[in-house]
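Reminder that position 295 of the sequence shown reads as 615 in this note's numbering, one-by-one numbering, no gaps.
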Amino acid sequence: MSSIAFGIDLGTGNIKIYFSAKDMIVNEKNMVAVMKKDILFAYGDSAYDMYEKAPQNIRVSYPLVNGVIADIGNMSSVLNHFINELTDGHSAGADYYVSVPTDVTEVEKRAFYDLIKDSGVKPRKIMMVEKSLADGLGMGIDVKTSQGALIVDVGFETTEISVLSLGGIVLSKLIKQGGRKFDDAIRSVVRREFGLVIGEKTAEQVKISLKEIEDKHEPAVVYGRDLVTGLPVERSIPTDLIDNAIAETASTIVDNVKLILERTPPELSADIYRKGIYLTGGTAALTHLDELIVKGTALKVNKSENPQESAAYGLARVIKDHNFRSVAYSINEMSEDA
Ligand SMILES: Nc1ncnc2c1ncn2[C@@H]1O[C@H](COP(=O)(O)OP(=O)(O)OP(=O)(O)O)[C@@H](O)[C@H]1O
Ligand SMILES: [Mg+2]
């Protein structure tokens, strides 16, 4: 029986699952809505729809925090539901390729393995792939022969900055800063300058549509609650205020990219200089971020075409092309009957 395989990139904000039998990637919010402590009410995008709107008896949360699994129980049930949905309940015996951040503890890394092993999906094999290698493959880099590739993955709660060479990772740093920090910065500036409280979803929407708004030379129109009157109001926010908030937040990312560059062996620096930085993760699409990195490092920036899904595309390449299997490793040589 030819086996099916899944490539799983568990993000703090979004879960991306590559499913070999249909050669497709599912990308949904990595969220869960739970009622009365343990009754699963919704998961994925439908749980996100309830976020910031649910009544008190429904708790909507993210099972991952800062790129690592914080709530293994809920993460298991979310994964189990997605896999069962994709396979109509016939998932037993599948192979799993899971992308993992590099700069985390062994215990945190192992939790990704345990998650698959214990979530009831009955895996045949569980293999790990460092996320930056998966990202590199997903962006079309031949990571096995390529020397000195700098990958910057800016996600929802994390940014992972890694230097790859010859199928391995030379340096990697995970910082707790991603798209959510930009949303927070927008919320803060709106609160400070306009006395207006806006929700996370509104701030994210402003961030995502910022380029479009700027192209039209219009202010960003937001709805929220007035801090003084407590009433719902509409306000127009000049985009330069938002741009400043973005630049301030981006400076941490730029500084950390510079730090990694300072630590990179000189021969690899030369390669990075020639090829430029590879920018991916959903926040790679944030307007001005690439310009700010170019300004801070004087390097060229290559933006991913599918930033949210580059790691999942990379896992798909590992699954489909035996040539790339060697970038995957097993945490435990799990025997077939274990
Ligand atoms: N067009 C866009 N402009 C700006 N930001 C965007 C855009 N599209 C998506 N994002 C942001 O991308 C982030 C999600 O990216 P991604 O799915 O790569 O994160 P993740 O993998 O879940 O998180 P992490 O890697 O930190 O664990 C969100 O913060 C979202 O607001
Ligand atoms: Mg990610």
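Cβ atoms here follow ideal geometry from the backbone N, Cα and C, with glycine treated the same way.
No experiment lies behind these values; they were computed from the predicted model shown.
At the level of alpha carbons, what is the spacing between residue i and residue j?
{"i": "D610", "j": "V621", "result": "6 Å"}
{"i": "Y593", "j": "T584", "result": "11 Å"}
{"i": "A636", "j": "I528", "result": "27 Å"}
{"i": "E538", "j": "K531", "result": "11 Å"}
{"i": "L547", "j": "E513", "result": "11 Å"}
{"i": "I471", "j": "G488", "result": "13 Å"}
{"i": "E534", "j": "A567", "result": "15 Å"}
{"i": "V474", "j": "P627", "result": "9 Å"}
{"i": "T549", "j": "A523", "result": "21 Å"}
{"i": "K445", "j": "R645", "result": "13 Å"}
{"i": "L330", "j": "S419", "result": "7 Å"}
{"i": "K429", "j": "S556", "result": "44 Å"}
On the DSSP bridge assignment, give the partners of residue i in chain order.
{"i": "E532", "result": "Answer is none; E532 lacks a bridge partner."}
{"i": "A325", "result": "D415"}
{"i": "L470", "result": "V483, I597"}
{"i": "N622", "result": "Y598"}
Drop a sphere of 10 angstroms on the beta-carbon of residue i, count the other beta-carbons inside from all chains shown, and report buried for 16 or more, exposed for fewer.
{"i": "K336", "result": "buried"}
{"i": "Q376", "result": "exposed"}
{"i": "P479", "result": "What sits at residue 479 in the sequence shown is Thr, not Pro. Buried: at least 16 other Cβ atoms inside 10 Å."}
{"i": "T559", "result": "buried"}
{"i": "L486", "result": "exposed"}
{"i": "P586", "result": "exposed"}
{"i": "V427", "result": "exposed"}
{"i": "I359", "result": "exposed"}
Report back the beta-carbon spacing between residue i and residue j to the nearest angstrom; my notes put them in contact at under 8 Å.
{"i": "M447", "j": "A648", "result": "4 Å"}
{"i": "L516", "j": "V541", "result": "That pair is no contact at about 12 Å."}
{"i": "V346", "j": "V398", "result": "About 12 Å; that fails the 8 Å criterion."}
{"i": "N334", "j": "Y382", "result": "Not quite, the Cβ-Cβ distance comes to about 10 Å (not below 8 Å), so this is no contact."}
{"i": "T569", "j": "F502", "result": "5 Å"}
Sorry if obvious, but does the Cβ on residue i come closer than 7 Å to a heavy atom of ligand 1?
{"i": "T332", "result": "yes"}
{"i": "L384", "result": "yes"}
{"i": "F476", "result": "yes"}
Given 7 Å as the limit, tell me if residue i has its C-beta closer than that to any heavy atom belonging to ligand 2.
{"i": "D473", "result": "yes"}
{"i": "G601", "result": "yes"}
{"i": "D329", "result": "yes"}
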